[in-house]
Amino acid sequence: MCRRFHGAAFATFGEARKEDFHWVEGEHLLQSYKAPNGTVRRFCSVCGSSMTFAPANDSGDLIEFTLGTLVDQPALTPDAHIFIGSKASWYAIEDSLPQFEEGRDSKQLV
Numbered sequence: 001m002c003r004r005f006h007g008a009a010f011a012t013f014g015e016a017r018k019e020d021f022h023w024v025e026g027e028h029l030l031q032s033y034k035a036p037n038g039t040v041r042r043f044c045s046v047c048g049s050s051m052t053f054a055p056a057n058d059s060g061d062l063i064e065f066t067l068g069t070l071v072d073q074p075a076l077t078p079d080a081h082i083f084i085g086s087k088a089s090w091y092a093i094e095d096s097l098p099q100f101e102e103g104r105d106s107k108q109l110v
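Residue numbering for the sequence shown is 1 to 110, as defined by UniProt numbering.
Set out below in structure tokens:
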């Protein structure tokens, strides 16, 4: 699903507590799409940029947002690979980060 939605091998998301996250501008321009698997993706209705992702079993405490849309560069480093079960066959993961078949609460593969 991420490859189709983003037109890339994978998507890069950050995660924050909703109470610590705020939109700088344009929140009223967001539209939602509910995928067949129950996930909800929000995107900009003006340019189409992917903005947020919520899993089907969203607890409501966290927000996942696309890192490429941030105004400032985040001081973050990747800590895991998720949804490896649907990874593009032509993309090779060449690091030692944990890999999960689906989300972080799924079976760890490496």
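Ideal Cβ placement from N, Cα and C applies to all residues, glycine included.
Checking 7 Å against the spacing of the C-beta atoms, do residue 64 and residue 13 come in under that value? Against a cut-off of 7 Å, the Cβ pair of residue 13 and residue 64 comes out as a contact.
Count the other CB atoms within 10 Å of the CB of residue 93; is the residue buried (16 or more) or exposed (fewer)? It counts as exposed.
Helix, strand or coil at residue 87 [DSSP, three-state]: In the structure shown, residue 87 sits in coil (DSSP, three-state: anything other than H, G, I, E or B).
Note down the Cα distance separating residue 15 from residue 23, rounded to an integer number of angstroms. Between residue 15 and residue 23, the alpha-carbon positions lie close to 14 Å from each other.
Under DSSP, the beta strand (DSSP E) around residue 104 begins and ends at which residues? Counted as a single uninterrupted DSSP element, the stretch harbouring residue 104 is not any beta strand (DSSP E), since DSSP gives it neither H nor E.
For residue 15, three-class secondary structure by DSSP: Reduced to three states, the DSSP call for residue 15 is strand.
Counted within 10 angstroms of its Cβ, other Cβ atoms place residue 96 as buried (16 or more) or exposed: By the beta-carbon neighbour count (other beta carbons within 10 angstroms, threshold 16), residue 96 is exposed.
Are there three or more Cβ pairs, one per stretch, closer than 8 Å when the stretch 59–76 is compared with the stretch 17–34? Contact between the stretch 59–76 and the stretch 17–34 is present: 3 or more CB-CB pairs across the two stretches fall below 8 Å.
Candidates 27, 52, 100, 67, of which the one nearest residue 76 by Cα: Here the closest residue by C-alpha is 67.
Considering just the uninterrupted stretch of the beta strand (DSSP E) at residue 64, what are its terminal residues? Looking at the DSSP string, the run of the beta strand (DSSP E) that includes residue 64 is 62–66.
Rounded to whole angstroms, what's the CA-CA distance from residue 106 to residue 41? Just pull it up for me. Looking at the backbone, the Cα of residue 106 and that of residue 41 are separated by about 20 Å.
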